[in-house]
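Q: Can you read through this structure? Questions will come right after.
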Amino acid sequence: MLESTLVKKCQQKEPDAQRQLFEGYYNYVYTISFRYLKNHHDCEDVVSIIFNKVFQNIHKLTHLENNGLKRWIQTIAINESLRVLQKKHPITFTDNDELLDQEQPELSIEETVSPARIRQLVNEMPEGYRRVFLLHVVEGLTHTEIAEYLNISRNTSKSQMLKARKHLQHKLKNYESQRI
Amino acid sequence: MSHNEFERKAREAFHELNEQDLAEAMQARERVWNALNSKTKKYRRYWGLLWFLLGLLLAIGGMCFKNMLSSKVQNTDIPIAKSEITKNWEIELKSIRNEMADLKQKYQVKNQMFDSLTLQHQKLFAELQGIASSEMNSSSHTVQIQYEKDTIYVTKVNTEVVEKIKTLRDTVFIEVPIMEIEDDLMTAIDSDLEKNGTTKENKSNGKYKRTSVQFNFRNNLSNK
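Going down the list, the sequences are from chains A and B. Heads up: the first sequence begins at 1 in the numbering used here, then just goes up one per residue. Heads up: the second sequence begins at 1001 in the numbering used here, then just goes up one per residue.
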């Protein structure tokens, strides 16, 4: 079924179309949620909330060009995941504009490092750094967009990203030394 | 390797779930769908309830507004409403006029009845006053006591005699057996009998034998 047809049927609240949409985007939504929440139990609840929002607000979706539906679902998923995360582990971001003048640190990594290890490294970062890093690097959002998502300033997002890179550089150095 | 390379690797690492997490995600899929369905149903139920309540409120509000409007229309001078009202009012006025005429007639009849009754009352009152004044002037109430005068001859002396003596009587003759009475005792009795004239026949017979003793209770009572 074409995505536009699927959306139209979902807008008409047809259960089969809704099920099809759910099946099609379940993994995608689950992956986004799991990225932030890091546990399956919370993830189940959030995915349910996300799809509920999707079905409730799908009539507002008008532009389907350039993966419109996917991007719309991604926005809802990120928003809901961050909302739940902030509710469970609230953090406050601090501004540090002085860091912005500094150069971006070099992140050297071996080719043999496994994705699991990379995930571990990222997930071990402080929560603020991790959120900004995931949003910027994995989701591919700009600092302006991140600032909107996290309700912070653009500079704060930038400084958090810089800190995250520094943290990762330090961790990677330690990791390399341990390996040697 | 530059930081871009690390970020590319990180992007790839986070782009998909690992096998273990994916398996868990697949296991949770049906649960999530069921939870979603129940939520949707719950929302629908809530919406249904909300709509029902809203409808109910609107209905009640509408009724109240209608009543308010109708009461207002009767008091205001809206021309459209007035024409509507006058049609109904004309009919109502006719019936009210008829009722008024009936009531007027009834009132007149009742009024006449009342006049005649007041006249009668005045007459009766005057009569009663006359009677009352005449009674006030008339002599005081007298009680007439009629004494019965009769004579009972008691043939037998028994306890009944005692009872009968209690009654007020003029004379009681008690018959006693024949006995000789001394003359001096009987003279007094004879004189009494002569006065009453009851023993004249016996006297004329020459030989007089007393067969009874006579007591004059009246005299005894008067003496007392």
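Heads up, the beta-carbon is just placed ideally off N, CA and C, and yes, glycines get one too. Predicted model, so just to flag it, every value in this text is computed and none were measured.
For B/A1059, I'd like the list of residues in its chain whose CB is within less than 7 Å of its CB, leaving aside the five on either flank, ordered along the chain.
A: Result list for B/A1059: empty, nothing under 7 Å.
Q: Counting only Cβ pairs nearer than 7 Å, list the residues of chain B close to A/R35.
A: Ordered by position in chain B, the residues that pass the 7 Å Cβ test against A/R35 are F1014.
Q: Restricting to Cα atoms, I'd like to know which of A/R83, A/V54, A/K171 and A/N155 is closest to A/R71.
A: Considering only alpha carbons, the answer is A/V54.
Q: Measuring straight from C-alpha to C-alpha, what distance separates B/C1064 and B/G1055?
A: Whole-angstrom Cα-Cα distance: 14 Å.
Q: For a cutoff of 8 Å on Cβ pairs, would you count A/I118 as touching chain B?
A: Yes, contact with chain B.
Q: Along the chain, where does the alpha helix (DSSP H) that runs through A/V189 open and close?
A: The structure shown does not extend to residue 189 of chain A, since chain A is modelled only from 1 through 180, so no value can be given for it.
Q: For B/Q1120, which of helix, strand or coil comes out of DSSP?
A: Helix.
Q: Only counting the same chain, and skipping five residues up and downstream in sequence, which positions put a Cβ closer than 7 Å to that of A/I76?
A: Closer than 7 Å at the Cβ level, and outside the excluded window around A/I76, lie I50, K53 and V54.
Q: Taking only beta-carbon positions, decide if B/K1042 is within less than 8 Å of chain A.
A: Closer than 8 Å: no.
Q: Compute the distance between the beta-carbons of B/F1014 and A/R130, then report whether it is under 8 Å.
A: No, the pair does not count as a contact, with Cβ atoms beyond the cut-off.
Q: Starting from A/S153, trace the alpha helix (DSSP H) in both directions and tell me its first and last residue.
A: First-last for A/S153: undefined, no H or E at that position.
Q: Is A/K171 close to chain B, meaning its C-beta is less than 8 Å from at least one C-beta of that chain?
A: Not an interface residue.
Q: What residues from chain B crowd round A/E44, counting only those whose CB sits closer than 7 Å?
A: Within chain B, the residues near A/E44 are A1028, R1031 and V1032.
Q: So which residues on chain B does A/S48 lean against when the C-beta distance must stay under 8 Å?
A: The answer, in chain order, is V1032, A1035, L1036 and K1039.
Q: Quick check: the segment 25-44 of chain A against the segment 80-96 of chain A, are there 3 or more CB pairs under 8 Å?
A: Contact holds: three or more Cβ-Cβ distances are below 8 Å.
Q: So, under 8 Å CB-CB, A/F93 and A/T142 are touching, yes? Tell me the CB distance rounded to an integer number of Å.
A: Between A/T142 and A/F93 the Cβ distance is about 17 Å, and since that is not below 8 Å, they are no contact.
Q: Quick check on the DSSP output: the alpha helix (DSSP H) that includes A/Q74 runs from which residue to which?
A: From DSSP, the alpha helix (DSSP H) with A/Q74 extends over G68 to K88.
Q: Check whether the Cβ of B/R1011 lies closer than 8 Å to any Cβ atom in chain A.
A: Closer than 8 Å to some Cβ of chain A, the Cβ of B/R1011 qualifies, so yes.
Q: Give the C-beta separation of A/N27 and B/A1025 to the nearest angstrom, bearing in mind that I take them to be a contact with Cβ-Cβ under 8 Å.
A: Between B/A1025 and A/N27 the Cβ distance is about 7 Å, and since that is below 8 Å, they are a contact.
Q: Measure from the C-beta of B/A1023 to each C-beta in chain A and report whether the shortest distance is under 8 Å.
A: It does not; no Cβ of chain A falls within 8 Å.
Q: In three-state terms, what does DSSP make of A/K163?
A: If DSSP states are grouped into helix, strand and coil, A/K163 belongs with the helices.
Q: If we cut at 8 Å on Cβ distances, does A/Y175 have a partner in chain B?
A: Judged by the 8 Å Cβ criterion, A/Y175 is not in contact with chain B.
Q: Taking the C-alpha atoms as reference points, what is the distance between B/T1199 and B/Y1147?
A: The pLDDT assigned to B/T1199 is 49, lower than 50, so where the model puts this residue is not dependable, and the model offers no usable value.
Q: Whose CA, out of A/K60, A/A116 and A/N67, lies closest to the CA of A/L2?
A: Checked all of A/K60, A/A116 and A/N67; the closest Cα to A/L2 is A/N67.
Q: Would you identify the three-state DSSP class for A/S39, choosing helix, strand or coil?
A: Checking the sequence shown, residue 39 of chain A turns out to be Asn, not Ser. Here A/N39 sits in coil by DSSP.
Q: Would you say A/A58 and A/Q20 are within 8 Å of each other, going by their C-beta atoms?
A: It is Ile, not Ala, that sits at residue 58 of chain A in the sequence shown. Not closer than 8 Å, so no.
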